[in-house]
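Residue numbers for the sequence shown follow this note's numbering, beginning at 120 and rising by one.
Heads up, the beta-carbon is just placed ideally off N, CA and C, and yes, glycines get one too.
This structure is a prediction, so every number in the text was calculated from the model and none was measured.
Take a look at the structure set out below.
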Amino acid sequence: MASFVGAMAIADLVKTTLGPKGMDKILQSTGRGHSVTVTNDGATILKSLHIDNPAAKVLVDISKVQDDEVGDGTTSVVVLARELLREAEKLVNQKIHPRTIIAGYRMAVECACNALLQKAKDNKQDPCR
Numbered sequence: 120m121a122s123f124v125g126a127m128a129i130a131d132l133v134k135t136t137l138g139p140k141g142m143d144k145i146l147q148s149t150g151r152g153h154s155v156t157v158t159n160d161g162a163t164i165l166k167s168l169h170i171d172n173p174a175a176k177v178l179v180d181i182s183k184v185q186d187d188e189v190g191d192g193t194t195s196v197v198v199l200a201r202e203l204l205r206e207a208e209k210l211v212n213q214k215i216h217p218r219t220i221i222a223g224y225r226m227a228v229e230c231a232c233n234a235l236l237q238k239a240k241d242n243k244q245d246p247c248r
């Protein structure tokens, strides 16, 4: 349960930066020069933290991968992962085995991917693109 708490804390830290009314965070380095950075970028905030909690590290890694692969959406992916963890915690508290929860999440991913593929439209022939 401590892993859940650490991950939730990390996500709560960056979720306030999300959206049009998102707030900036002031980061002060501990190294030489004590530089100050003001940002609302989730990846920048998470990179500046020293984290020991394994679940929190997973959220930081998710953010890094999102930044490397897409270049945006780092805060959104962390907030989404937080909500999945929050729901998983509820299920664990109801004595549902973690492997069952994981299997359910995998089924949900498959259903979501199939739904997206069914709704997708090919616009290769569209003259306006």
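Closest residue to residue 183 among 217, 247, 122, 196 (Cα-Cα distance): If you number the sequence shown from 1, residue 183 lands on position 64. Considering only alpha carbons, the answer is 196.
Runs of beta strand (DSSP E) lying entirely within the segment 120 to 205, each at least 3 residues, in chain order: List check, beta strand (DSSP E) in window: 144 to 147, 155 to 158.
Reduced DSSP secondary structure (H/G/I, E/B, other) of residue 247: Here residue 247 refers to the residue found at position 128 when the sequence shown is read from its first residue. Residue 247 sits in coil when the DSSP states are folded into three classes, being neither helix nor strand.
Test item: CB-CB of residue 127 and residue 225 under 8 Å: One-based indexing of the sequence shown puts residue 127 at position 8. One-based indexing of the sequence shown puts residue 225 at position 106. Contact annotation: residue 127 and residue 225 have beta-carbon atoms that are not nearer than 8 Å.
Endpoints, the alpha helix (DSSP H) within which residue 227 is located: Within the sequence shown, numbered from 1, the residue matching residue 227 stands at position 108. Element bounds for residue 227: 217 to 238.
Sequence-distant residues of its chain with Cβ nearer than 7 Å to residue 235 (five each side left out): Within the sequence shown, residue 235 is the residue found at index 116, counting from 1. Result list for residue 235: empty, nothing under 7 Å.
Secondary structure of residue 212, DSSP reduced to three states: Here the question's residue 212 lines up with position 93 in the sequence shown. Annotated three-state conformation of residue 212 is helix, per DSSP.
Sub-8 Å separation of residue 178 and residue 164 beta-carbons: Position 59 of the sequence shown holds residue 178. Position 45 of the sequence shown holds residue 164. Cβ distance not < 8 Å, so residue 178 and residue 164 don't count as in contact.
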